[in-house]
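Trainee: All letters in the sequence shown, in the order written, are residues 12 to 295 by my numbering.
Cβ atoms here follow ideal geometry from the backbone N, Cα and C, with glycine treated the same way.
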Amino acid sequence: MDAAQLTALLNKPLYQMQPAEVGRFLAFEQLDQPSLRQRVAALARKNIGQPYELFLLGEFPYETYDAQPLFDLSKSDCVVFAEHTYAMALSASWEEFFWMLQRIRYRDGVIGTATRNHYTEADWNIANRWLVQDVTATLGAPIQAYRQRIDRQAFLKKQFKIQRDIPVQNFDDVYVAKRDVAAIEAQLQDGDFVNIISSRGGESWASHVGLIVTGADGSRHLLHSAEPQVREETLQGFIARMAERDARQAGQNKAQLAGFKFLRLNEAPEVPPMAPQPRPTRPF
12 MDAAQLTALL
22 NKPLYQMQPA
32 EVGRFLAFEQ
42 LDQPSLRQRV
52 AALARKNIGQ
62 PYELFLLGEF
72 PYETYDAQPL
82 FDLSKSDCVV
92 FAEHTYAMAL
102 SASWEEFFWM
112 LQRIRYRDGV
122 IGTATRNHYT
132 EADWNIANRW
142 LVQDVTATLG
152 APIQAYRQRI
162 DRQAFLKKQF
172 KIQRDIPVQN
182 FDDVYVAKRD
192 VAAIEAQLQD
202 GDFVNIISSR
212 GGESWASHVG
222 LIVTGADGSR
232 HLLHSAEPQV
242 REETLQGFIA
252 RMAERDARQA
262 GQNKAQLAGF
272 KFLRLNEAPE
282 VPPMAPQPRP
292 TRPF
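1) DSSP state of residue 298, grouped into three classes?
2) Counting C-beta neighbours from all protein chains within 10 Å, is the total for residue 12 16 or more, i.e. buried, or is it exposed?
3) Could you give the residue range of the beta strand (DSSP E) that holds residue 95?
4) Could you check what DSSP says for residue 187 in three-state terms: helix, strand or coil?
5) Would residue 68 pass as a contact of residue 28 if the rule is Cβ separation under 8 Å?
6) Please name the residue in 47, 36, 154 whose C-alpha comes closest to that of residue 57.
7) Would you list the residues sitting across from residue 268 in a DSSP beta bridge?
8) Drop a sphere of 10 angstroms on the beta-carbon of residue 88, count the other beta-carbons inside from all chains shown, and report buried for 16 or more, exposed for fewer.
9) Sorted by chain position, which residues of the same chain lie with C-beta nearer than 7 Å to residue 240's C-beta, five sequence neighbours on each side aside?
10) Indicate the three-state DSSP secondary structure (helix, strand or coil) for residue 63 in the structure shown.
11) What ranges does the beta strand (DSSP E) occupy inside the segment 223-269, keeping only unbroken runs of at least 3 residues that lie completely in it?
12) Quick check on residue 203: buried or exposed, where buried means 16 or more other Cβ atoms within 10 Å of its Cβ?
13) Less than 7 Å between the CB of residue 279 and some heavy atom of the ligand COA, yes or no?
14) Could you name the residues that DSSP lists as bridge partners for residue 221?
15) Which whole-angstrom value describes the C-beta separation of residue 105 and residue 192, a residue pair presumed to lie in contact below a C-beta threshold of 8 Å?
16) Find the nearest neighbour of residue 186 within the set 287, 145, 91, 17, judged by alpha-carbon distance.
17) Quick check: the segment 110-130 against the segment 227-245, are at least 3 beta-carbon pairs closer than 8 Å?
18) Helix, strand or coil: which one does DSSP assign to residue 136?
19) Taking Cβ positions, are residue 126 and residue 171 nearer each other than 8 Å?
20) Per DSSP, residue 182 forms a beta bridge with which residues?
21) May I ask you to report which of helix, strand or coil DSSP gives residue 26?
22) Sort 77, 136, 183 by Cα distance to residue 93 and report the nearest one.
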């Protein structure tokens, strides 16, 4: 890549690049940003302004249950943004990025609607422990316990008309209440994964995700994909903004911000091998 090509890529947002350009840029980033944490932050910031769209990815052309494509560089939702950023930071070519993306997005890397990590806490966080480790309970703040009843069988049948025999899971987890975040946020590091926990009617769940980056003044920022586009804001600014939203929506039976889970980006992730992609079963 000559100097003119590099300059063009440096001045171009990731979401405006073509796959071949992304591949060349990732190779450059591996040399320019040898620290994984700094590479995650740099790549995430290079997507600021990317348009937001919910439910934009699926398994097409491998499957047609969810006929959205396997990747989209032009837009993102919160999970897609985090997955793409991590996969890019771990890769030095387009081909490696696409492989890594499937390893992060699917259980054992096996592509399929039924094997996608649909539930943030019970699926995504657990399946990607090689990449991020839950440190919520170790930061020194009081923790709040919650339980989720996860019915994957009903979810797959309702959302995708997929029949699977999967037992209901009761999943126990913890979060740091929003009021306690200020006391521990200095421990957060670039590239850490954030689960935003919402509550309503006595139930709590991860309703949104994002990444931690450090601001020029040392404050911790949340970099995330949300309506209308990818943005960076201070963690405390996000909490204040959600407080204003929740005050406006008081009495409307809408979910409110409860707190956060924090997952530490591993210093040197060892990527597990992909499981074999099974031959699709026949309908008869």
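Mentor: Per the coordinate set shown:
1) As shown, the chain starts at 12 and ends at 295. That puts residue 298 outside it, with no answer to give.
2) Residue 12 is exposed by the Cβ-count criterion.
3) Secondary structure note for residue 95: it is in no beta strand (DSSP E), and the uninterrupted alpha helix (DSSP H) holding it is 89-100.
4) Strand.
5) No, these two residues do not count as a Cβ contact at 8 Å.
6) Here the closest residue by C-alpha is 36.
7) Beta-bridge pairing by DSSP links residue 268 to 209.
8) Classified as buried, residue 88 has 16 or more neighbouring CB atoms from the shown chains inside 10 Å of its CB.
9) 60, 61, 62, 63, listed in sequence order.
10) Three-state result, residue 63: strand.
11) The segment 223-269 is shown to contain whole beta strand (DSSP E) runs of 3 or more residues at 231-237, 240-245, in chain order.
12) Buried, because 16 or more other Cβ atoms sit within 10 Å of the Cβ of residue 203.
13) Summarising the ligand content, the structure contains no ligands, and the ligand COA is consequently not present.
14) According to DSSP, which records beta bridges pairwise, residue 221 is partnered with 205.
15) Actually they are not in contact, since the Cβ atoms of residue 105 and residue 192 sit about 37 Å apart, beyond 8 Å.
16) Its Cα nearest to that of residue 186, the residue 145 stands out among 287, 145, 91, 17.
17) No, they do not touch.
18) Helix, per DSSP.
19) No, they are not a contact pair.
20) Beta-bridge pairing links residue 182 to 159.
21) When DSSP states are grouped into helix, strand and coil, residue 26 belongs to the helix group.
22) With distances taken between Cα atoms, residue 93 lies closest to 136.
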